[in-house]
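Okay, so the sequence shown: first residue is -1 according to my numbering, each after it adds one.
All C-beta atoms, glycine included, are put in the ideal place defined by N, C-alpha and C.
Down below is the structure, laid out as structure tokens.
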Amino acid sequence: MTAFSKSQHTLLIPDLFPVHMELLANAIRASGYKAQVLRTQGPSVLEAGLKYIHNDMCYPAICSLGQQLHAVISGDHDTRSIALMQFQTGGGCRASNYVMALKKALQKLGMEHIPVITLGFTTLSRDSGFRLTPILCLRALAAVTYGDLMMLLKNQVRPYEVNPGDTQAVMERWYDYMKSLLFSASVLPFQLRKHLRQMAEDFAAIPTKTQKKVRVGIVGEVYAQYSPFANNNLEEFLQEQDCEYMLPGVLGFLHYCLDGPAVDRALYGDSRIKALVSKVTTGVITAYEAVLNHTLKDFPQFVRPSSFRHIRAQGEKILDRGVKMGEGWYLSAEMSELVRHGYENILCAQPFGCLPNHIVGRGAFRRFKELYPNANICSIDYDANASRVNQENRIKLMLATAREKAGLRQQTAAV
Ligand code: SF4
């Protein structure tokens, strides 16, 4: 494998969080790297994953590694000047094997000279040449915070906009502006405050109609939950179905991942050093969460995310904090949080081949329904061979139940 060089290689990053990835790429670019987010979709991309990745791997591996392998074989890039960036959770599920699977596939293709950069919650390939410096980490956290607020506001404004396209126009303006913000050194939580507020004001100024719509919360395995490639453009479909949908913020997911070593220390006596790093990093994330939360205090028309501590307390009513495989206890905690904010209809995206999320997702539904009997939950399986029509029909059925329930409640209220 050729050593990664900042000046020679462009990092190809799979598309995980559609709203956030371009911002994260800018955070990386601001540290002098060249980066490109892969937005490719479709049968040829899936085929690249299915052909070169072992079929024991889960569907998100096929999609995200498939995007990178497709870029390698497409002929669109000079393979001497690209590097592939992959995320590695370091946990017990297949996410810890993505990098090895990618390296094996590159070998099969005779492309082992392409550098692979591993970016993980507990690891960064030391000899990779990519430096996760403190300023890069802070820029990345700022990018996620801006992305979370933009996603939260977009989801609540777009379904009700009077002039179609207004929300998109505000988003595009902010993407441009945030690029300059992320290139600056002003990325500490208190330095974000003014800009977050301006963003909330811009979205609040978009003319909207007062109308009641079915509200849907999206949870599930993180890749299937957010990535339009993995979930067959679920957000677009819900928009066409005239719903308001909500996706929980990415900061919360990062917080959950980084909280793991502290839990391991408390429960199993694991490494004191790791627990200390966990405490420090989650403390930093808490500061970004707090500034986002504080911004929304003056905008009561928008849902304000709860603190991680509160979400964790909700999650503990369903699963123990020691359950950390896949999305672990955090998945049902997200469901509770959504229901509490009025998103009683929950779609749970489950990828094929993902045992952990079937356990913490479907496996926790019964307990969840005991706590929230009004919740209307539907889990959808995503796979390379799953029928999109079947997936959409299941969602339509769930929405029909939701509309019926809303109608019944309205009638009851009128009586
Ligand atoms: S959580 Fe499931 S889908 Fe995601 S990487 Fe792990 S095994 Fe694969």
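Item to check | Start and end residues, alpha helix (DSSP H) containing Gln237 | outcome: Working through the sequence shown from its first residue, we reach residue 237 at position 239. Residues Leu232 to Glu238.
Checklist entry - Does DSSP put Cys352 in a helix, a strand or coil? => result Residue 352 sits at position 354 when you count from the first residue of the sequence shown. If DSSP states are grouped into helix, strand and coil, Cys352 belongs with coil.
Next on the checklist: Output needed for His339: all residues of its chain with C-beta closer than 6 Å, excluding positions within five of it in sequence on either side, in chain order.
Outcome noted: Taking the first residue of the sequence shown as position 1, residue 339 is located at position 341. Once the five neighbours on either side are set aside, the close Cβ partners of His339 are Val301.
Item to check | Residues near Ala373 by beta carbon distance below 7 Å, same chain, minus five either side | outcome: The residue given as residue 373 occupies position 375 in the sequence shown. Val337, Glu342, Ile344, Phe366 and Lys367.
Next on the checklist: Give me the residue from Cys255, Leu256 and Lys272 with the minimum Cα distance to Arg263.
Outcome noted: Position 265 of the sequence shown, counting from 1, holds the residue named residue 263. It is Lys272.
Checklist entry - Smallest Cα separation from Val114: which of Asn229, Phe128 and Pro298? => result For this step, residue 114 is matched to residue 116 along the sequence shown. That would be Phe128, whose Cα lies nearest to the Cα of Val114.
Next on the checklist: So, at 7 Å on beta carbons, what are the nonlocal neighbours of Gln312 in its own chain, with the 5 sequence-adjacent residues on each side left out?
Outcome noted: Looking up residue 312 in the sequence shown gives position 314. Contacts found: Ala331, Ser334 and Glu335.
Item to check | beta-carbon Gly324 near the ligand SF4 non-hydrogen atom, thresh 6 Å | outcome: As a first step, residue 324 must be located in the sequence shown, where it is residue number 326. True, at least one ligand heavy atom lies under 6 Å from that Cβ.
Next on the checklist: I'd like to know if the stretch 280 to 296 and the stretch 176 to 189 are in contact, where contact means that at least 3 CB-CB pairs between them fall below 8 Å.
Outcome noted: yes
Next on the checklist: So for Glu159, helix, strand or coil by DSSP?
Outcome noted: By 1-based counting over the sequence shown, the position of residue 159 is 161. Strand at Glu159.
Checklist entry - How would you call Glu170, buried or exposed, if buried means at least 16 neighbouring beta carbons within 10 angstroms? => result In the sequence shown, counting from the first residue as 1, residue 170 sits at position 172. Exposed: under 16 other Cβ atoms inside 10 Å.
Checklist entry - Do Pro12 and the ligand SF4 come close, with the Cβ less than 6 Å from some heavy atom? => result Your numbering for residue 12 matches position 14 in the sequence shown. No.
Checklist entry - Can we count Asn95 as close to the ligand SF4, meaning its CB is less than 6 Å from some heavy atom? => result As a working mapping, residue 95 is identified with position 97 in the sequence shown. Checking every heavy atom of the ligand SF4 against the Cβ of Asn95, none is found closer than 6 Å.
Next on the checklist: Restricting to Cα atoms, I'd like to know which of Ser182, Pro58 and Ala347 is closest to Ala416.
Outcome noted: Summary: the structure shown does not reach residue 416, with the chain confined to residues -1 through 413, and so no result is reported for it.
Checklist entry - Do Glu45 and Val35 have their CB atoms nearer than 7 Å? => result For the purposes of this step, residue 45 is taken as residue 47 along the sequence shown, with counting starting at 1. For the purposes of this step, residue 35 is taken as residue 37 along the sequence shown, with counting starting at 1. No. Outside cutoff.
Item to check | Residues bridged to Ser377 (per DSSP) | outcome: Numbered from 1 along the sequence shown, position 379 holds the residue referred to as residue 377. DSSP lists Cys346 as partners of Ser377.
Next on the checklist: According to DSSP, is Glu110 part of a helix, a strand, or is it coil?
Outcome noted: Within the sequence shown, numbered from 1, the residue matching residue 110 stands at position 112. Coil, per DSSP.
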